[in-house]
Amino acid sequence: MHEPTLLDLTLDELAEQLATLGCPRYRAEQIWRAAFVDLVSGYDAMSTLPRNLRTRLEAALPFTPCEVGQEQVSPDGATSKTLLRLADGETVEVVSMEYAGRATACVSSQIGCAIGCPFCATGQAGFVRNLSSGEIVAQTLHVARTLQSRGRRLSNVVYMGMGEPLANVDAVLRSIRLLNDPRGFGLGARAFTVSTAGVVPGMDRLANQPLQINLAVSLHAGDDPLRSVLVPLNRKYPLEVLIAACQRYLARTHRRISFEIALVAGLNDRPHHARAVAARLSGLLCHVNLIPANPIPERLDWQRSSAAAVDAYAQVLIAAGIPTTVRDSRGAEIAAGCGQLRARSRQAPTP
Ligand code: SF4
Numbered sequence: 023m024h025e026p027t028l029l030d031l032t033l034d035e036l037a038e039q040l041a042t043l044g045c046p047r048y049r050a051e052q053i054w055r056a057a058f059v060d061l062v063s064g065y066d067a068m069s070t071l072p073r074n075l076r077t078r079l080e081a082a083l084p085f086t087p088c089e090v091g092q093e094q095v096s097p098d099g100a101t102s103k104t105l106l107r108l109a110d111g112e113t114v115e116v117v118s119m120e121y122a123g124r125a126t127a128c129v130s131s132q133i134g135c136a137i138g139c140p141f142c143a144t145g146q147a148g149f150v151r152n153l154s155s156g157e158i159v160a161q162t163l164h165v166a167r168t169l170q171s172r173g174r175r176l177s178n179v180v181y182m183g184m185g186e187p188l189a190n191v192d193a194v195l196r197s198i199r200l201l202n203d204p205r206g207f208g209l210g211a212r213a214f215t216v217s218t219a220g221v222v223p224g225m226d227r228l229a230n231q232p233l234q235i236n237l238a239v240s241l242h243a244g245d246d247p248l249r250s251v252l253v254p255l256n257r258k259y260p261l262e263v264l265i266a267a268c269q270r271y272l273a274r275t276h277r278r279i280s281f282e283i284a285l286v287a288g289l290n291d292r293p294h295h296a297r298a299v300a301a302r303l304s305g306l307l308c309h310v311n312l313i314p315a316n317p318i319p320e321r322l323d324w325q326r327s328s329a330a331a332v333d334a335y336a337q338v339l340i341a342a343g344i345p346t347t348v349r350d351s352r353g354a355e356i357a358a359g360c361g362q363l364r365a366r367s368r369q370a371p372t373p
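If you read the sequence shown in our numbering, its first letter stands for residue 23, the second for the next number, and so on.
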């Protein structure tokens, strides 16, 4: 059972907890502001608090659920991946990606993943446990602090790291509410994107949220036999069921859905694969992101698609009227494919 930390609590919950220590509400507001606006990394840095209160807080309510561990930075400095050590000894990874005009945190929602997609290092390692909302918030604040030290501001949070976010939907939604609170971090709801392999009940939960969060669906193929290989969850929620959930989401939110397609050479990157996807997405308010798959050590026989194959795939979708973008698979050079840094850190202890 995860012990709650400051980063798990709403401002009102913090005020209640501090009241049990005899503190007035303004103390909660001071602490909340220090953590979520000033981005301090511990009670020690809260110089406006009396020293004895800081000591009592350390004992009663740990500040953060994690410590910062190994970090890898891409040669151009624009992508960094950090391993965070959690209180129970598990590790989780978060990626920071800087672009012209925006900076994105890619956060993990679970340790491991039960979905088991064969091209994904996390999926190959199996499921360990869900992350708490505080553990997700801590990842985001770590990236925000790193960016701040580089004179940048975090502009987006994508739930596309380790794990299936909608299999941990309560903690994911709570982390978004915590980070969205205008009294604290104040990141707009539209800055959040939750990705899913197609957990239909979770998609329905998301559709019914008052917050305008973005949804990204990992599609990878437009026919059931191939998608069931690439995303084993497809056996439980086949394409017809998945697309019906997308239609309900669109009817409810009127928000465009992103479909992510990782392309593996020869496996799902041929024009007939693109035509199958185009047929499935026909009439949906959507956008497709094509991502040449990152190579992973577990599937050395699967290689990323060539630029020509990706381009030909994109042309099929565009000709069918589906807005399509080719994305770079950021971070392959720093093992930033899903779960790869964690997998490596378990194989070889860091010096
Ligand atoms: S790709 Fe996503 S859903 Fe599939 S195994 Fe990896 S983390 Fe899980």
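Where a beta carbon is used, it is the ideal one built from N, C-alpha and C, also for glycine. Quick caveat, the model's predicted, so the values are computed rather than measured.
{"Check": "contact_flag[the region 183 to 196, the region 224 to 233] where n(CB pairs < 8 Å) is 3 or more", "Outcome": "yes"}
{"Check": "For residue 41 and residue 83, the rounded distance between their alpha carbons", "Outcome": "13 Å"}
{"Check": "Assigned exposure category for residue 234 - 16 Cβ within 10 Å defines buried", "Outcome": "exposed"}
{"Check": "Meets three-Cβ-pair contact criterion under 8 Å: the region 194 to 205 and the region 237 to 245", "Outcome": "no"}
{"Check": "Spatial neighbours of residue 245 in its chain, beta-carbon cut-off 7 Å, leaving aside the 5 residues before and after", "Outcome": "298"}
{"Check": "Spatially closest choice to residue 103 from 111, 206, 92, by CA coordinates", "Outcome": "92"}
{"Check": "Nearest-angstrom Cα separation, counted from residue 165 out to residue 367", "Outcome": "Any reading at residue 367 must be qualified, since the residue scores a pLDDT of 47, below 50, and its modelled position is unreliable; the value itself is stated next. Near 20 Å, if we compare the C-alpha coordinates of residue 165 and residue 367."}
{"Check": "For residue 57, the three-state DSSP class (helix, strand or coil)", "Outcome": "helix"}
{"Check": "Cβ-based neighbour list, residue 125, same chain, cut-off 6 Å, excluding 5 preceding and 5 following", "Outcome": "169, 174, 176, 177"}
{"Check": "Inter-residue Cα distance where the pair is residue 278 and residue 249", "Outcome": "22 Å"}
{"Check": "Proximity below 8 Å, CB of residue 331 to CB of residue 285", "Outcome": "yes"}
{"Check": "Alpha carbon of residue 57 to alpha carbon of residue 215, nearest angstrom", "Outcome": "23 Å"}
{"Check": "Extent of the continuous alpha helix (DSSP H) to which residue 293 belongs", "Outcome": "293 to 303"}
{"Check": "Cβ pair residue 154, residue 24 closer than 8 Å", "Outcome": "yes"}
{"Check": "Residues of its chain near residue 80, where Cβ-Cβ distance is below 8 Å and the 5 sequence neighbours each way are ignored", "Outcome": "65"}
{"Check": "Pick from 89, 131, 179 that is closest to residue 120, judged by C-alpha positions", "Outcome": "179"}
{"Check": "Proximity to residue 33 [Cα-Cα], best of 255, 158, 62, 51", "Outcome": "51"}
{"Check": "Contacts around residue 70, its chain only, beta-carbon distance under 8 Å, and the 5 residues preceding and following it disregarded", "Outcome": "52, 56"}
{"Check": "Sequence-ordered residues whose beta carbon comes within less than 6 Å of a heavy atom of the ligand SF4", "Outcome": "135, 137, 138, 139, 142, 144, 145, 184, 185, 186, 219, 360"}
{"Check": "C-alpha distance - residue 98 paired with residue 272, whole-angstrom precision", "Outcome": "38 Å"}
{"Check": "Under 8 Å between C-beta atoms of residue 116 and residue 183", "Outcome": "yes"}
{"Check": "The region 200 to 207 contacting the region 255 to 265, beta-carbon criterion three pairs below 8 Å", "Outcome": "no"}
{"Check": "Sub-8 Å separation of residue 109 and residue 140 beta-carbons", "Outcome": "no"}
{"Check": "Bridge partners - residue 279, DSSP secondary structure assignment", "Outcome": "308"}
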